[in-house]
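Q:
Numbering (the working numbering), first residue to last: 21 to 331.
(1) Taking residue 112 as the reference, which of 132, 103 and 144 has the closest Cα?
(2) For residue 269, which residues from the same chain have a beta carbon less than 6 Å from its beta carbon, with the 5 sequence-adjacent residues on both sides left out?
(3) Could you tell me the distance, in whole angstroms, from the CA atom of residue 330 to the CA atom of residue 47?
(4) Judging by CA-CA distance, which residue of 281, 100 and 57 is the nearest neighbour of residue 114?
(5) In this structure, does DSSP put residue 327 in helix, strand or coil?
(6) For the alpha helix (DSSP H) that residue 250 lies in, which residues bound it at each end?
(7) What number of angstroms, rounded off, separates the C-alpha of residue 80 from the C-alpha of residue 277?
(8) Any contact of the region 164-177 with the region 94-111, i.e. 3+ C-beta pairs under 8 Å?
(9) For the alpha helix (DSSP H) containing residue 234, name the first residue and the last one.
(10) Are residue 209 and residue 187 touching if we call contact CB-CB under 8 Å?
(11) Using CA coordinates, which residue listed in 213, 181, 206 and 212 is at the minimum distance from residue 198?
(12) If you check the beta carbons only, do residue 297 and residue 260 fall under 8 Å apart?
(13) Going straight from the alpha carbon of residue 327 to that of residue 86, what length do you get?
(14) Rank 55, 215 and 157 by C-alpha distance to the C-alpha of residue 77 and give the top, closest one.
(15) My parser needs the alpha helix (DSSP H) runs of 4 or more residues fully inside the region 173-227; what are they?
(16) Assign residue 54 to buried or exposed, taking buried as 16 or more other Cβ atoms, counted over all protein chains shown, within 10 Å of its Cβ.
(17) Between residue 23 and residue 155, how many whole angstroms is the CB-CB distance? I'm expecting something under 8 Å.
(18) Give the C-beta separation of residue 28 and residue 190 to the nearest angstrom, bearing in mind that I take them to be a contact with Cβ-Cβ under 8 Å.
(19) Of the residues 254, 247 and 267, which one's Cα is nearest the Cα of residue 279?
(20) Does DSSP put residue 53 in a helix, a strand or coil?
(21) Quick one: residues in its chain with C-beta nearer than 6 Å to the C-beta of residue 34, no 5 flanking neighbours on either side, listed in chain order?
(22) Whole angstroms is fine: what's the gap from residue 40's alpha carbon to residue 124's?
(23) Would you mind sorting residue 50 into buried or exposed? The rule is 16 or more other CB atoms within 10 Å of its CB.
(24) Can you tell me which residues form a DSSP beta bridge with residue 131?
Take a look at the structure:
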């Protein structure tokens, strides 16, 4: 049975510049290619959730412009429900300027929030009251008061909360016990725990510090190394699948789409981490944000091929 997931988050049009190397201060370089593609952490995760088979409802905001229209149409193309996306006058849709270093697949991103700044606490509460949900997924590209209100309202309604602490920001300590799954990378966990995270061991130590502050489950993504879960009872690590990345832009968002869907369907942490890793790995093989996010069958086939190859 499909799970109903509410995602309250950002929508950005990505303006992508591909270049062999990025310029240093004062330097001008010739790029290789330029294109626009729908993105934004919230929209990417909604897209990934839908591609993995979840029934996704999106709460957000766009400007009355061409970018906003494209952003909504792209989500609708994979079945995301967009009735709770508001269109605003006098403000642009969110954009992200992405420098993609083709020599290694790394990126540097500047985000202009635009209409994403106008997603309010009232919007979040109305969305959470609109129907019964199996989970709430959040990130930090919308205003912090909106995120805080959504977490508190979801807790009142017994809706599990998955919060991706991206972009990296501190959150109020009293929110930690209300978040069922805190999903972080090394930078985000370092900020929250006040301790530098570089690997699994330092990640485990930092997660333990958060658990002392009543955090529940901490999910740590370690890029090419893999991903780990730290719960009250266990530490589970699943290594990454080895690929040759060309663009890492939506890898983390793809991980979240597959991880959340698999967890809600199976309640099995190893399965959820494995599917998250596979979806994230596949997303690095194609340039673009939502354009790179794989369908469920592609993830199934990738896992089957890699498991059989290792057997």
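Ideal Cβ placement from N, Cα and C applies to all residues, glycine included.
Since the model is a prediction, treat every value here as computed from it, not as a measurement.
A: To lay it out plainly:
(1) Checked all of 132, 103 and 144; the closest Cα to residue 112 is 132.
(2) Correct list, in chain order: 127 and 309.
(3) Model confidence at residue 330 stands at a pLDDT of 48, short of 50, so the residue's coordinates are unreliable; what they give is reported in the following sentence. Taken atom to atom, the span from the alpha-carbon of residue 330 to that of residue 47 is near 46 Å.
(4) The candidate whose alpha carbon is nearest that of residue 114 is 57.
(5) Residue state, collapsed to three classes: helix.
(6) Careful: residue 250 lies outside any alpha helix (DSSP H), inside the beta strand (DSSP E) at 246-250.
(7) CA-CA distance, residue 80 to residue 277, rounds to 18 Å.
(8) No, they do not touch.
(9) For residue 234, there is no enclosing alpha helix (DSSP H), since its DSSP letter is neither H nor E.
(10) In this structure, the beta-carbon distance from residue 209 to residue 187 does not fall below 8 Å.
(11) Cα-wise, what sits closest to residue 198 is 181.
(12) Contact flag set, yes.
(13) Going from the Cα of residue 327 to the Cα of residue 86 covers about 44 Å.
(14) Minimum Cα distance to residue 77 is reached at 157.
(15) Qualifying alpha helix (DSSP H) stretches, in chain order: 206-213.
(16) The residue in question, residue 54, is exposed, as its Cβ has fewer than 16 Cβ neighbours within 10 Å.
(17) 7 Å between Cβ atoms; contact.
(18) Wrong, their Cβ atoms sit about 19 Å apart, outside the cutoff.
(19) The candidate whose alpha carbon is nearest that of residue 279 is 247.
(20) The three-state reading of DSSP puts residue 53 in strand, counting E and B together.
(21) Excluding sequence positions up to five before and after residue 34, its CB lies within less than 6 Å of the CB of 57, 59, 116, 118 and 309, all in the same chain and listed in chain order.
(22) Each residue's Cα considered, the two are about 8 Å apart.
(23) Burial call: exposed.
(24) Answer is 116.
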